[in-house]
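Trainee: Following this message is one structure expressed as structure tokens.
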Amino acid sequence: MAVTGWAGEACTVDWDAVEARLGTRLPADFKQLAEIFGYGAFDGFLTLYVPESDVPGMDFVEHAEYLAGFAARSGTSLWEPYGIHPAPGGLLEWGSSEQADQYYWLTEGDDPDRWPVLASQDIPDSWTRFDGTAAEFVFRMLTERSHPHSVARYYDTHWFQSYEDEE
């Protein structure tokens, strides 16, 4: 993601353990994003959830487990017409924004590299489908003014702010 100028230190994640705990494989591009960037936000806007984060509520696996538990107790009306992972074809959240937008994969099909991204604003029935990877979604969000969740209209220069240093 050269567009951000990020030169931080890469981290190592035990993806076998993460995927075993989730019960599913994850997209390869997300694994690269998580290892290259770690926990933080693009343009101070889109927060990337990563495994093994020490920040409460920001650990990717713990967050997925929390949402699954919430959905099991309270139903999935917040995400209609979708369910929540581990339900077949359920949503698996990988990021959020400072404006309460949420970014998910629709875990349909056996190939996680082909899962579409679904973005939702904090408004009922506001789903936007993006048939591409999470990395493509982030890149286009940063660089394309016409992208539905674009920050390109606000910033000409893009950055990644690591939250790892703030812990």
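Everything in the sequence shown is counted per the numbering used here, starting at 40 for the first residue and increasing by one. Where is the CB? At the ideal position from N, CA and C, for every residue including glycine.
#1: In three-state terms, what does DSSP make of Trp154?
#2: From Leu106 to Pro125, what does the alpha carbon distance come to, in whole angstroms?
#3: Quick one: what does DSSP say Val177 is sitting in, helix, strand or coil?
#4: In angstroms, rounded to a whole number, what distance separates the CA positions of Gly148 and Glu137?
#5: Can you give me the C-alpha to C-alpha distance between Thr86 and Gly122, rounded to a whole angstrom?
#6: Asp68 and Ala158: beta carbons closer than 7 Å?
#7: Round the Cβ separation of Phe176 and Phe169 to the nearest angstrom and send it over; I've been treating them as touching at under 8 Å.
#8: My parser needs the beta strand (DSSP E) runs of 3 or more residues fully inside the region 87-168; what are they?
#9: Quick check on the burial criterion: 16 or more other C-beta atoms within 10 angstroms. Buried or exposed for Phe99?
#10: Tell me the DSSP bridge mates of Gly79?
#11: Can you tell me whether Ala139 is buried or exposed? The criterion is at least 16 other CB atoms within 10 Å of its CB, across all chains shown.
#12: Over what stretch of residues does the alpha helix (DSSP H) that includes Glu58 continue unbroken?
#13: Starting from the Cα of Leu145, find the closest Cα among Thr167, Ala73, Gly83, Asp195 and give me that residue.
#14: Once the 5 residues before and after Lys70 are set aside, which same chain residues still bring their CB inside 8 Å of it?
#15: Express the C-alpha separation of Gly62 and Gly128 in angstroms, rounding to a whole number.
#16: Tell whether a beta-carbon distance below 7 Å holds between Tyr202 and Gly79.
Mentor: According to the data block:
#1: The count along the sequence shown starts at 1 and reaches residue 154 at position 115. Three-state DSSP puts Trp154 in coil, outside helix and strand.
#2: The residue labelled residue 106 in the question sits at position 67 within the sequence shown. The residue labelled residue 125 in the question sits at position 86 within the sequence shown. When rounded, the distance between both Cα atoms is 10 Å.
#3: Your numbering for residue 177 matches position 138 in the sequence shown. DSSP places Val177 in helix when its eight states are reduced to three.
#4: Start at 1 with the first residue of the sequence shown, and residue 148 comes out as number 109. Start at 1 with the first residue of the sequence shown, and residue 137 comes out as number 98. Approximately 30 Å between the Cα atoms of the pair.
#5: Sequence index remark: in the sequence shown, residue 86 carries index 47 (1-based). Sequence index remark: in the sequence shown, residue 122 carries index 83 (1-based). Straight-line spacing of the CA atoms in Thr86 and Gly122 works out to 22 Å.
#6: Taking the first residue of the sequence shown as 1, we reach residue 68 at position 29. Taking the first residue of the sequence shown as 1, we reach residue 158 at position 119. Taking 7 Å as the Cβ cut-off, Asp68 and Ala158 do not qualify as a contacting pair.
#7: Position 137 of the sequence shown, counted from the first residue, corresponds to residue 176. Position 130 of the sequence shown, counted from the first residue, corresponds to residue 169. Contact between Phe176 and Phe169 holds: their C-beta atoms lie close to 5 Å from each other, under 8 Å.
#8: You should have 130-136, 141-145, 156-159.
#9: Residue 99 sits at position 60 when you count from the first residue of the sequence shown. By the 10 Å Cβ count, Phe99 comes out buried.
#10: As a working mapping, residue 79 is identified with position 40 in the sequence shown. DSSP lists Leu87, Ser201 as the bridge partner or partners of Gly79.
#11: As a working mapping, residue 139 is identified with position 100 in the sequence shown. With fewer than 16 other Cβ atoms within 10 Å, it is exposed.
#12: Within the sequence shown, the letter at position 19 stands for residue 58. The continuous alpha helix (DSSP H) containing Glu58 extends over residues 54-61.
#13: Translated into the one-based positions of the sequence shown, residue 145 becomes position 106. When the alpha-carbon of Leu145 is set against those of Thr167, Ala73, Gly83, Asp195, the nearest one is in Thr167.
#14: As a working note, residue 70 is residue 31 in the sequence shown. The answer, listed in chain order, is Val52, Trp54.
#15: Counting from one through the sequence shown, the residue named residue 128 turns up at place 89. Counting from one through the sequence shown, the residue named residue 62 turns up at place 23. Rounded to the nearest angstrom, the two C-alpha atoms are 13 Å apart.
#16: Looking up residue 202 in the sequence shown gives position 163. Looking up residue 79 in the sequence shown gives position 40. Yes, they are a contact pair.
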